[in-house]
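Asker: Okay, handing you the structure first.
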Amino acid sequence: MKRKNIILISLFLIIALINISIVSAEDFEEVNISDSLDENLEIIDNKDIDNQNYISQENAIDDESISDNGGGDEILKSSNTATDNLQSTSYVDGKAYNQMSNPTIQTAINNAKDGDTIIITGTAYVHCHFIVNKKLTIISEVGTTMSPCPSNTDGSGAHGIFYISPEASGTVIKGFELLGNDQYSRENDYGIYIKGASNVQIVNCSISTEIADGIRLANATNTQITDSIIKDSNIGINIVDSTKTIIRNNNITNNTKTGINISGSTKNTTIDTNNITYNQGRGISITTADYIYILNNFIAFNQKDGSGAGVYVNCNITKIEILGNLFRQNGQYGVLNDYRTRNMGWQNGAEKLEVVNNNYFMGHTERTVYHIEYKSSPEGSFNYDSGTDTYIFVGEGNGNFDIDKTAVYLVYAYLIDETICGATLYKAPNIAWNDENRNLQISEITQVKKGTYQVSITDAKGNVATDLSSIYVTFYLNKNNTESLPQEGDIFKTVLMKNGVATVSFSEKDYLESGNVLLAVFPGLVGKTTVDPHASFNIADDQLPKDSINTKITVSNMNTYPNSGASFTATIRDEYGNPLAGKTIKISLNGNTYTRTTDANGKVSIPIKLSSEKTYTITVSFNGDEEYNVSSAKASIAVKRTGQKIISSNKSFAPNKVSYYTFTLKDQ
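Note that this note's numbering gives residue 538 to position 517 of the sequence shown, counting from 1, and the numbers run on in steps of one.
Take a look at the structure:
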């Protein structure tokens, strides 16, 4: 009997131990979770929604990105001196001003390993001719000026400052001012020459080479030229036999022949968001047209003695897209196809080869778009030389050909003081452009919310010209003069259109007590608001804004374990510390977004049921409303399984007497 009692007691203890463990574990999952006491992470967004994507003459543009790398959020900022820790960095000072007599920079290039960084700290050097024959990052933080050596043509066979050889793929040249200083002697010279290399970047440079090319590419691939000024050169950017070139956010101005030249067997060229102005003759010259994309550029005043074109094409076309640009007073033509563009005729599908759509044209003296051809004439003024494929003027009545026109294609366009050629088609073979209204127009101004307004450029049916992101619009509140440009005392904001829409906001202090009028003025030729394109909007007195109040979202980092269901909490307050109730909050976690509404204490919460053991990033955001500004915050959630242990101690029991034995389950 005694033995049976011992067995029963043992079984009871085992069952009790199992049940207690289960209950203790469940209790731990429900209540034993605490947020860490890390400092709150706060991100407050500015309320200003003006979109002014301008090209800075200083070209000091740094990118910022946020990376979740398993341990939370790390902000990575790039600058001219950002380097890869796995590679070495060397410095060249400014003691050796003359790089011919003491070539400290070329020596640093020669001594560097593939992938190294060279930082130039001197402010000025002369007699520069550098051969880059490995992957290097060569940068200046001080805008170092360099001028070429008039006697050194090593490597490239011409005078120039940076020669990027085929072995130098991946090289970055950043932050320099390259000058001519009367040291160039021929058009074959250059500021930067990229030959046969791939993935080269030219960033934040200013290049002025007089009779030489600013930047020349030959047999290059994946070249990027960004945030730079290329001016006062022979050809600003000369692209020959190269593939996948990107030219973005540059000022290309006052070059002798053309701003950008595309020739040879070049393919896949993107020219995006540049100022291409005051180049003598042509803004962009194309003698090979194999997938060229000309997007959202300001192309203006490219002419010499009244003769010129914004975009000039003189070859058969595989594909060109000219979208969303502002063309202004480029001499005779906005877009000109010359006689060698022989596959652009009246045949079906020709309109797909060259797509000119959603552009803004102003003040070209001949035609908006035009296509030249020469036709046989017994009393013409030209003879044809088949050896050079050129027509030569021989005097009126002395030749066999006369200049004429043929089909050219246009989709939608905004036109100011422009003439459309009679051979302009919308679609081949015979749908004329003017068969219906394909002129773009300015929409009415609409109120987005109190203090915020929008105006668009649309077609006749109200469809927004979404390609247009190159037009600056100036908004005036209660303008009391007729000048299109801002005058002293004007209350105004100038914003850049984005996808065909310009958006502006004014604050409470900008308004009159009553009778406010908003005026939006678009680019024009006269300089008077009564003539230049514009739209106006009468603002109702009860629609005047009150200045929005800043908000702040507060969150804390969190430690938990898989599938815990623990609550993550965020709080939103105004700039005075008051909690905001009834606000819609978005919570993004692990690829999903959840929407919650704040309670009376300005709080929202979400259960955390993540299974994988790692660190997650959670983003909490408020999109703002008429009274409060947007804000957001980020935190990290570390999910990690913890160990457990059972704590017990020895205890004596009396026979045949009920006693309790306690077990405690704790994490480690």
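Ideal Cβ positions, reconstructed from N, Cα and C, are used throughout, including at glycine.
Note that the structure is a prediction, hence the values are computed from the model and not measured.
(1) Report the rounded CA-to-CA distance for K607 versus S528, giving the unit in angstroms.
(2) Enumerate in chain order the residues of its own chain whose CB-to-CB distance from T287 is below 8 Å, with the five nearest sequence positions on each side excluded.
(3) I87: buried (16+ other C-beta within 10 angstroms of its C-beta) or exposed?
(4) Are the beta-carbon atoms belonging to L489 and E372 less than 8 Å from one another?
(5) Could you have a look at I701 and say whether DSSP puts it in helix, strand or coil?
(6) How would you label T685, buried or exposed, when you count the other beta carbons within 10 angstroms and need 16 or more for buried?
(7) Can you tell me whether P187 is helix, strand or coil according to DSSP?
(8) Under three-state DSSP, which class holds D511?
(9) Is Q127 helix, strand or coil by DSSP?
(10) Considering only C-alpha positions, which residue in the set S652, N380 and K635 is nearest to T479?
(11) If distances are taken between C-alpha atoms only, which option among L533, G327, D203 and V552 comes closest to V542?
(12) Using DSSP's beta-bridge definition, name the partner residues of V390.
(13) Give the secondary structure of D754 by DSSP, where H, G and I count as helix, E and B as strand, and everything else as coil.
(14) For P544, does the count of other Cβ atoms within 10 angstroms reach 16, so buried, or fall short, so exposed?
(15) Mark K635 as exposed unless 16 or more other C-beta atoms lie within 10 angstroms of its C-beta, in which case mark it buried.
(16) Under the assumption that S653 contacts F643 (Cβ atoms under 8 Å), give the Cβ distance between them as a whole number of angstroms.
(17) Take every Cβ of the segment 226-235, pair it with every Cβ of the segment 243-254, and state whether three or more of those distances are shorter than 8 Å.
(18) Below 8 Å on the Cβ atoms is my guess for I413 versus N404; work out the distance and round it to an integer in Å.
(19) Below 7 Å CB to CB, which residues in the same chain sit around N289 once its five sequence neighbours on both sides are set aside?
(20) By Cβ distance below 6 Å, which residues in the same chain neighbour V221 in space, the five residues on each side in sequence not counted?
(21) In angstroms, rounded to a whole number, what distance separates the CA positions of I194 and D137?
(22) Taking only the alpha-carbon atoms, compute the straight-line gap between A449 and V485 and give it to the nearest angstrom.
(23) Hey, which unbroken runs of the beta strand (DSSP E) at 3 residues or more fall wholly within the segment 441-529?
(24) Ignoring anything shorter than 4 residues or poking outside the segment 632-687, list the alpha helix (DSSP H) runs there in chain order.
(25) Which same chain residues, not among the five before or five after T747, have their C-beta less than 6 Å away from its C-beta?
(26) What are the partner residues of L565, as DSSP defines its beta bridges?
(27) Alpha carbon to alpha carbon, how far is T581 from G598? Give it in angstroms, no decimals.
(28) Between D438 and M383, how many whole angstroms is the CB-CB distance? I'm expecting something under 8 Å.
(29) To which residues does DSSP link S306 through a beta bridge?
(30) Quick check on this structure: which residue in N460, Y493 and L498 has the alpha carbon closest to the alpha carbon of K482?
(31) Does DSSP put E439 in a helix, a strand or coil?
(32) How would you write the range of the beta strand (DSSP E) that A626 sits in, first residue to last?
(33) Please name the residue, chosen from G510, Y433 and V469, that lies closest to T456 on a Cα-to-Cα basis.
(34) Go to H150, then tell me how far its beta strand (DSSP E) extends in each direction, as first and last residue.
(35) Taking C-beta to C-beta, are Q127 and H148 nearer than 8 Å?
(36) Nearest to I338 by CA position, among N317, N323 and R361, is which residue?
Answerer: Straight from the coordinates:
(1) Distance between K607 and S528, taken at the CA atoms: about 27 Å.
(2) The residues are I260, V261, D262, S263, T264, T266, T309 and D311.
(3) Caution applies to I87, whose pLDDT of 27 falls short of 50 and renders its modelled position unreliable; the value that the coordinates give is listed next. The residue in question, I87, is exposed, as its Cβ has fewer than 16 Cβ neighbours within 10 Å.
(4) Taking 8 Å as the Cβ cut-off, L489 and E372 do not qualify as a contacting pair.
(5) Because residue 701 is not part of the residues shown, which for the chain are 22 to 689, the question remains open.
(6) Classification for T685: exposed.
(7) DSSP, read as helix, strand or coil, puts P187 in helix.
(8) Residue state, collapsed to three classes: coil.
(9) If DSSP states are grouped into helix, strand and coil, Q127 belongs with the helices.
(10) Closest option to T479, Cα to Cα, is N380.
(11) The shortest C-alpha separation from V542 is found at V552.
(12) Beta bridge pairing from DSSP links V390 with V356.
(13) The structure shown has nothing for residue 754, since the chain only spans 22 to 689.
(14) Label assigned to P544: buried.
(15) Exposure of K635 is indicated by the presence of fewer than 16 other C-beta atoms within 10 angstroms of its C-beta.
(16) Under the criterion of beta carbons closer than 8 Å, S653 and F643 qualify as touching, at roughly 7 Å.
(17) Look at the beta carbons and you see the segment 226-235 touching the segment 243-254: at least three pairs across the two are nearer than 8 Å.
(18) Going by Cβ atoms, the distance from I413 to N404 rounds to 5 Å, so yes, they are a contact pair.
(19) When the five nearest sequence neighbours on each side are left out, the beta carbons in the same chain lying within less than 7 Å of the beta carbon of N289 are those of T264, K265 and Y312, in order along the chain.
(20) Around V221: I185, T192, I215 and T244.
(21) The alpha-carbon atoms of I194 and D137 are separated by roughly 13 Å.
(22) Approximately 25 Å, taken between the alpha carbons.
(23) Here the runs fully enclosed are 445-448, 467-470, 473-479, 493-498, 512-517 and 522-526.
(24) Taking 4 residues as the shortest admissible run, the segment 632-687 contains no complete alpha helix (DSSP H) segment at all.
(25) Nothing about residue 747 can be read from this structure; the chain reaches only from 22 to 689.
(26) Partner(s): none; L565 has no beta bridge.
(27) One alpha carbon belongs to G598, the other to T581, and they sit about 29 Å apart.
(28) Contact flag correct, Cβ pair sits at about 7 Å.
(29) Beta-bridge analysis with DSSP links S306 to N282 and Y333.
(30) Measuring from the Cα of K482, the nearest candidate turns out to be N460.
(31) If DSSP states are grouped into helix, strand and coil, E439 belongs with coil.
(32) Residue 626 is actually Ser in this sequence, not Ala. Here the beta strand (DSSP E) through S626 covers K624 to I629.
(33) Note that residue 456 is Asp in the sequence shown, not Thr. Nearest option by C-alpha distance: Y433.
(34) In the DSSP assignment, H150 falls outside any beta strand (DSSP E) and carries neither an H nor an E.
(35) No; because the gap between Cβ atoms is not below 8 Å, this pair is not in contact.
(36) For I338, the closest C-alpha among the options N317, N323 and R361 is that of R361.
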